[in-house]
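Numbering (the working numbering), first residue to last: 637 to 880. Below is one structure, written out as structure tokens; the observations come after it.
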């Protein structure tokens, strides 16, 4: 077990953004039953000069929306960490998320909120719109196929779910700057970084795993970990922009 934080920089795995890796199959257990004493925590470090991110014109959109919205494909925090990175454990039991509360994705001021949402295989994803304008949620994926759902102003949310793990980019055809990622996982043992760049995954059963970090622009990083007891494991990841 690692007692100190160690920074891992690894080669990006091709196909991370399109879900081209084969998703595992096999018997699944109730996601709520996956419990243990272990915890892993760390931060996602951005090692380099942040790329210039030009605000996106937010027009035409609904009343009250700001004239621009941030490009959230790369968000480097003031402390040098990276937001919108998913960290999850691979190698444990495959989960069935039907017993979990719904994950949620909103459309607000012509943005998807959050920009990256995690959902376990079988778990309900509830998609809503807080905007007084027409939107659609359009994606094509390896396992879920082509989906295009329209959300009218004032309409009720709609529910969807997924049968295989993958990374799915969704867009609005009416407002083409709108983009989000639905990260479908085989495990409830995951976290998504925000403005601190930190993550924590609790309740890990004893065992050997691969700890995976995924970012929409910079792909996957991986490292092995072993959970023996309740002693916290510290594990940082470090991303660097590709050299030109």
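Ideal Cβ positions, reconstructed from N, Cα and C, are used throughout, including at glycine.
- Two segments are said to touch when three or more pairs of C-beta atoms, one from each, lie closer than 8 Å; by this definition the stretch 708-717 touches the stretch 823-842.
- Scanning 845, 827, 844, 848 for the CA closest to the CA of residue 838 turns up 827.
- Using a C-beta cut-off of 8 Å, the stretch 799-806 makes contact with the stretch 761-777, since at least three inter-stretch Cβ pairs fall below that distance.
- Sixteen is the threshold: since fewer than 16 other Cβ atoms of the shown chains lie within 10 Å of the Cβ of residue 799, the residue is exposed.
- With respect to residue 684, residue 823 sits apart: the two C-beta atoms are not nearer than 8 Å.
- Under the three-state reduction of DSSP output, residue 684 falls in the coil class, being neither helix nor strand.
- A residue is called buried once 16 or more other Cβ atoms fall within 10 Å of its Cβ, and residue 689, having fewer, is exposed.
- Comparing alpha carbon positions, the residue from 708, 668, 699, 730 closest to residue 662 is 730.
- The distance from the Cβ of residue 872 to that of residue 744 is about 32 Å, inconsistent with a contact at the 8 Å cut-off.
- Taking C-alpha positions only, residue 829 is separated from residue 677 by approximately 11 Å.
- In this structure residue 790 is exposed. Its beta-carbon is surrounded by fewer than 16 other beta-carbon atoms within 10 angstroms.
- Comparing alpha-carbon positions, the option among 764, 724, 868, 870 lying closest to residue 846 turns out to be 724.
- The alpha-carbon separation between residue 762 and residue 818 amounts to approximately 12 Å.
- Nearest Cα to residue 705 within the set 659, 812, 852: 812.
- For residue 765, the secondary structure class from DSSP, reduced to helix, strand or coil, is strand.
- Under the DSSP assignment, residue 833 falls outside any beta strand (DSSP E); it carries neither an H nor an E label.
- Runs of the beta strand (DSSP E) lying entirely within the stretch 750-800 and spanning at least 3 residues, in chain order: 752-756, 761-765, 771-777, 781-787, 794-796.
- Here the C-alpha atom of residue 658 lies approximately 9 Å from the C-alpha atom of residue 801.
- DSSP places residue 701 outside both helix and strand once states are collapsed to three, so it counts as coil.
- Under the three-state reduction of DSSP output, residue 816 falls in the strand class.
- DSSP places residue 810 in no beta strand (DSSP E); its state is neither H nor E.
- Here residue 667 carries a helix assignment [DSSP, helix/strand/coil].
- Counted as a single uninterrupted DSSP element, the stretch harbouring residue 864 is not any beta strand (DSSP E), since DSSP gives it neither H nor E.
- In the three-state reduction of the DSSP assignment, residue 855 falls in the strand class.
- The Cβ neighbour count for residue 699, taken over all protein chains shown within 10 Å, is under 16; the residue is labelled exposed.
- The C-alpha of residue 784 lies about 7 Å from the C-alpha of residue 772.
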